[in-house]
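Accompanying notes for the structure given below.
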Amino acid sequence: MATLDQLNAHDEAVVTGLEGTPAQRRRLLEAGFVTGSRVRFLMATPFGDPLVYSLRGASIALRKSEARHVLVQS
Amino acid sequence: MSSATSSADTLPLLALVGAANSGKTTLFNSLTGSHYNTVNYPGATVEYAIGASRHLPDFSCRVMDTPGIVSLIPSSPDEKVTVDALFAPASHPDVVLAVADANQLSRHLYLVRQLQEVGFPVMVVVTMEDQLRRRGRTLDEKRLSELLDCPVMVMDPRTQERLPELSVALQKMRESSLHDPRATSARYQTFAANVDESKIAIVFKLLDEVEKLVLRPLEEYVPEDPKNVRTQLGADWILLHPVWGLLIFLAVMCGIFTAIFWAAAPLMDGIDWMFGHWVEWTKHVFPGSWITDLIADGMIGGVGAVMVFLPQIIILFFAMGYLEDSGYLARGAALVDRPLSKIGLNGKSFVPLLSGYACAIPAMLAARTIPNRFERNLTLLIIPLMSCSARLPVYTLLLAFLIPRDRPWLGGMALTGLYVAGLVIGSVLSTIISRFLKRSEPSGFMLELPMLRAPLMKVVAVSTWHKSAQYLIKAGPTILLISLGLWVLTHTPIQTVAAGDASDREYVAVAHSYAASLGHVIEPVTKPMGLDWRGGVALMCGFAAREVFVGSLALVYRVQEAHNDAGLAGKLLGRLSELRFEATGERIFTVSTCLGILVFYLIALQCFPTVAVARKEMGSWKPALVQLAAFTGGAYALAVIVVQGLRMLGIA
Chain A
1 MATLDQLNAH DEAVVTGLEG TPAQRRRLLE AGFVTGSRVR FLMATPFGDP
51 LVYSLRGASI ALRKSEARHV LVQS
Chain B
75 MSSATSSADT LPLLALVGAA NSGKTTLFNS LTGSHYNTVN YPGATVEYAI
125 GASRHLPDFS CRVMDTPGIV SLIPSSPDEK VTVDALFAPA SHPDVVLAVA
175 DANQLSRHLY LVRQLQEVGF PVMVVVTMED QLRRRGRTLD EKRLSELLDC
225 PVMVMDPRTQ ERLPELSVAL QKMRESSLHD PRATSARYQT FAANVDESKI
275 AIVFKLLDEV EKLVLRPLEE YVPEDPKNVR TQLGADWILL HPVWGLLIFL
325 AVMCGIFTAI FWAAAPLMDG IDWMFGHWVE WTKHVFPGSW ITDLIADGMI
375 GGVGAVMVFL PQIIILFFAM GYLEDSGYLA RGAALVDRPL SKIGLNGKSF
425 VPLLSGYACA IPAMLAARTI PNRFERNLTL LIIPLMSCSA RLPVYTLLLA
475 FLIPRDRPWL GGMALTGLYV AGLVIGSVLS TIISRFLKRS EPSGFMLELP
525 MLRAPLMKVV AVSTWHKSAQ YLIKAGPTIL LISLGLWVLT HTPIQTVAAG
575 DASDREYVAV AHSYAASLGH VIEPVTKPMG LDWRGGVALM CGFAAREVFV
625 GSLALVYRVQ EAHNDAGLAG KLLGRLSELR FEATGERIFT VSTCLGILVF
675 YLIALQCFPT VAVARKEMGS WKPALVQLAA FTGGAYALAV IVVQGLRMLG
725 IA
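Chains A and B, in that order, are what the protein sequence lines are. Residue numbers for the first sequence follow my numbering, so the first one is 1 and each next one is one higher. Residue numbers for the second sequence follow my numbering, so the first one is 75 and each next one is one higher.
So this is what it looks like as structure tokens:
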């Protein structure tokens, strides 16, 4: 199972589940990372972390450590 | 400015709620005509903007703007402000106007569903439909209203076009509303206790369906090539580029600091000049009485001390407001997240730390957006190490004393060095603490990068004014009171001097005052720093506000009645170099002493208004007092080490 931080630039994937603490999962869910959502990896920020994703019409910067908690399937 | 009078309190309350960057504040400005107050309800830590609706012809109400939220379950103190406001009896809204961005409908309607679930009468305003059209789609307002079972209006909050319609809809809602605040608050308790993950997923599933039904493709639209990466990323391709992105970031930072120093300097001089003349004029017109002196030096001088920083604070807040509204500030925060995380902080510490260069008080308020408690407290801890505008006059004076006149560039470099030094000391401190203290919750960074757009000057100007007013309201009275208190300390007991001019009278008054006695008492403490009792008095006065040190030096060392050609600073410089200890005849202001004072000013927390705000933001007195003691004690110890060390090396 792949995680969100492993996507190549401009790859699109579908969220299949979440890991992490309950508080972390809730924050991700409320941001829209629910099962079935399409996510696209746009680019990395200059220092390589956080990474920028396109989700539900928004551009969201997310740390790698949190992107690792989002399970995806391309 | 309009103020909420007691009769206005009976008007219905309309709350604007929505995600950051949804256009909420723009709409608020349209509704209120930019006339509003920042309200602090007694007994609560709630703080938000409230104004009368001036542009809703059929619905007379009070409008409340709130910090952005994505959910009714808050994850940072600023989100908690909004949620608390929604359920507090004093600010419980009669109608909630939820603002949603048409381009990310499902994410923003999530909050609308929560508001409906707990029982608020909700109306939805959908913004940024022009952007949606540019992406080839349009929104069916009527269909969305049917699906959500609440009134919906698509509007551009920058114009007042649909405000009459909006006011009719709101009035209708208010009339038919069976809203019971207590039942809503009770439902919220149950709701907050029962948030489960599958429920969030179900709501989003539902909203996905809503999105499909209300978004229609435009016929004439030609879709962009999905393979063309650059058009998809837009300006982010360059703003977040590994090389260009960093260069642009550095250029923006340099631009801000250049503006703070060079653009603010003439304005600050102007204000200083104005108040100086006001003081002199007062003394000239009503000469010879201590009441005149109290009003002139204590009050007018005190107000001047507060006002003189306004240019720098306004410039910094304007620049930051402009960058925030344009969408760049969020990118800046994302960009510095990695380096800041290395020192135990967070990308969201960026804005508070940057604000700290203007004034620590609004900076500490800005730290509320940091969700992680540990990182928030660490940010609050090191904010006072960022050299605020009050330190600039002290730096300028001492550097002018240390650096030969023919090499002004050296002064500029030394000044930059001082500003960087504060950041470096803060980083080291933060790194050490974050290594040794255990965090209770894992760190994270999630931030929406809003669409880049040209900011609305009016909105930026209004928010700049309100943030600057926050400084005046929070810091002003304290600085003024301490300034008055110090005047009394330095002028009592009242001396009667028969002969001599005004400057002699002034000196005798100070030399025999309670402050002087206190200065003599603490001389053993100030002496290792290279200062005699008079310097000690000036240093104490600096605790009113740091820059008061400069004026106090002039007072205690008898640099009075500056001639128009030389100016006070020039006279002060000449006088400082001549000063000697009364007992030994050694010179006081030597290289080592000046460096010692610089080190002291760089680190010491000499600002009581900041301590009060730190207490409130950190949640208790203890950490705020520890911060005060540690920074001031550490500053003193380092200053003594610098002075005595240099003297041992033979540098007087």
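C-beta atoms are modelled at their ideal positions from N, C-alpha and C, and glycine is treated no differently.
May I ask you to report which of helix, strand or coil DSSP gives residue i?
{"i": "residue 140(B)", "result": "coil"}
{"i": "residue 521(B)", "result": "strand"}
{"i": "residue 269(B)", "result": "coil"}
{"i": "residue 513(B)", "result": "coil"}
{"i": "residue 460(B)", "result": "coil"}
{"i": "residue 49(B)", "result": "Outside the displayed range of chain B (75 to 726) lies residue 49(B), so it cannot be described from this structure."}
{"i": "residue 251(B)", "result": "coil"}
{"i": "residue 500(B)", "result": "helix"}
{"i": "residue 73(A)", "result": "strand"}
{"i": "residue 100(B)", "result": "helix"}
{"i": "residue 714(B)", "result": "helix"}
{"i": "residue 448(B)", "result": "helix"}
{"i": "residue 63(A)", "result": "coil"}
{"i": "residue 169(B)", "result": "strand"}
{"i": "residue 162(B)", "result": "coil"}
{"i": "residue 636(B)", "result": "Note that residue 636(B) has pLDDT 43, beneath the 50 cutoff, so the model's placement of it is unreliable and no number is given."}
{"i": "residue 243(B)", "result": "helix"}
{"i": "residue 12(A)", "result": "strand"}
{"i": "residue 408(B)", "result": "helix"}
{"i": "residue 625(B)", "result": "helix"}
Identify every residue that forms a DSSP beta bridge with residue i.
{"i": "residue 228(B)", "result": "200(B)"}
{"i": "residue 707(B)", "result": "In the DSSP output, where bridge partners are listed per residue, residue 707(B) has none listed."}
{"i": "residue 80(A)", "result": "Within the shown structure, residues of chain A are numbered from 1 to 74, placing residue 80(A) beyond reach of any answer."}
{"i": "residue 3(A)", "result": "71(A)"}
{"i": "residue 175(B)", "result": "201(B)"}
{"i": "residue 58(A)", "result": "55(A)"}
{"i": "residue 212(B)", "result": "290(B)"}
Given the structure, does residue i come close to the ligand PLP, in the sense that its CB is under 7 Å from one of the ligand's heavy atoms?
{"i": "residue 146(B)", "result": "Ligands displayed in this structure: none; no statement on the ligand PLP is therefore possible."}
Taking C-alpha atoms, which residue in the options lies nearest to residue i?
{"i": "residue 488(B)", "options": "470(B), 498(B) and 499(B)", "result": "470(B)"}
{"i": "residue 153(B)", "options": "94(B), 171(B), 335(B) and 556(B)", "result": "94(B)"}
{"i": "residue 171(B)", "options": "180(B), 179(B), 181(B) and 189(B)", "result": "189(B)"}
{"i": "residue 67(A)", "options": "35(A), 12(A) and 51(A)", "result": "51(A)"}
{"i": "residue 400(B)", "options": "529(B), 464(B) and 426(B)", "result": "529(B)"}
{"i": "residue 672(B)", "options": "316(B), 243(B) and 466(B)", "result": "466(B)"}
{"i": "residue 354(B)", "options": "340(B), 375(B) and 341(B)", "result": "375(B)"}
{"i": "residue 606(B)", "options": "621(B), 617(B) and 630(B)", "result": "630(B)"}
{"i": "residue 565(B)", "options": "249(B), 611(B), 472(B) and 109(B)", "result": "611(B)"}
{"i": "residue 98(B)", "options": "563(B), 138(B), 128(B) and 126(B)", "result": "138(B)"}
{"i": "residue 216(B)", "options": "204(B), 232(B), 198(B) and 233(B)", "result": "198(B)"}
{"i": "residue 133(B)", "options": "180(B), 85(B) and 604(B)", "result": "85(B)"}
{"i": "residue 596(B)", "options": "130(B), 609(B) and 347(B)", "result": "609(B)"}
{"i": "residue 708(B)", "options": "479(B), 459(B), 559(B) and 534(B)", "result": "459(B)"}
{"i": "residue 60(A)", "options": "143(B), 285(B), 520(B) and 413(B)", "result": "520(B)"}
{"i": "residue 583(B)", "options": "263(B), 368(B) and 128(B)", "result": "368(B)"}
Can the beta-carbon of residue i be found closer than 8 Å to that of residue j?
{"i": "residue 441(B)", "j": "residue 522(B)", "result": "no"}
{"i": "residue 35(B)", "j": "residue 725(B)", "result": "As shown, chain B starts at 75 and ends at 726. That puts residue 35(B) outside it, with no answer to give."}
{"i": "residue 57(A)", "j": "residue 420(B)", "result": "no"}
{"i": "residue 14(A)", "j": "residue 72(A)", "result": "yes"}
{"i": "residue 628(B)", "j": "residue 45(A)", "result": "no"}
{"i": "residue 541(B)", "j": "residue 424(B)", "result": "no"}
{"i": "residue 206(B)", "j": "residue 212(B)", "result": "yes"}
{"i": "residue 8(A)", "j": "residue 41(A)", "result": "yes"}
{"i": "residue 538(B)", "j": "residue 388(B)", "result": "yes"}
{"i": "residue 110(B)", "j": "residue 89(B)", "result": "no"}
{"i": "residue 729(B)", "j": "residue 168(B)", "result": "Only positions 75 to 726 of chain B appear in the structure, and residue 729(B) is not among them; the question remains open."}
{"i": "residue 713(B)", "j": "residue 674(B)", "result": "yes"}
{"i": "residue 37(A)", "j": "residue 55(A)", "result": "yes"}
{"i": "residue 96(B)", "j": "residue 196(B)", "result": "no"}
{"i": "residue 252(B)", "j": "residue 377(B)", "result": "no"}
Name the chain D residues that come within less than 7 Å of residue i, Cβ to Cβ?
{"i": "residue 274(B)", "result": "Chain labels in this structure do not include chain D; the protein chains are A and B."}
Is the region 30–46 of chain A close to the region 140–148 of chain B, with three or more CB pairs under 8 Å?
Yes, since at least three Cβ pairs between the region 30–46 of chain A and the region 140–148 of chain B fall closer than 8 Å, the two stretches touch.
Taking 8 Å as the threshold, find out whether the region 412–428 of chain B comes into contact with the region 505–515 of chain B through three or more Cβ pairs.
Result yes; three or more Cβ-Cβ pairs closer than 8 Å.
Please determine if the region 308–320 of chain B and the region 334–354 of chain B are in contact, where contact requires at least 3 C-beta pairs separated by less than 8 Å.
With the cut-off at 8 Å, the region 308–320 of chain B and the region 334–354 of chain B do not touch.
Are the region 378–386 of chain B and the region 494–510 of chain B touching by the rule of at least three beta carbon pairs closer than 8 Å?
Fewer than three Cβ pairs drawn from the region 378–386 of chain B and the region 494–510 of chain B lie within less than 8 Å of each other, which leaves the two stretches out of contact.
Inter-stretch contact at 8 Å, needing at least 3 Cβ pairs: the region 712–721 of chain B / the region 455–466 of chain B
The region 712–721 of chain B and the region 455–466 of chain B do not touch, with fewer than 3 CB-CB distances between them shorter than 8 Å.
Would you call the region 429–441 of chain B in contact with the region 686–699 of chain B, where contact means no fewer than 3 C-beta pairs closer than 8 Å?
Contact holds: three or more Cβ-Cβ distances are below 8 Å.
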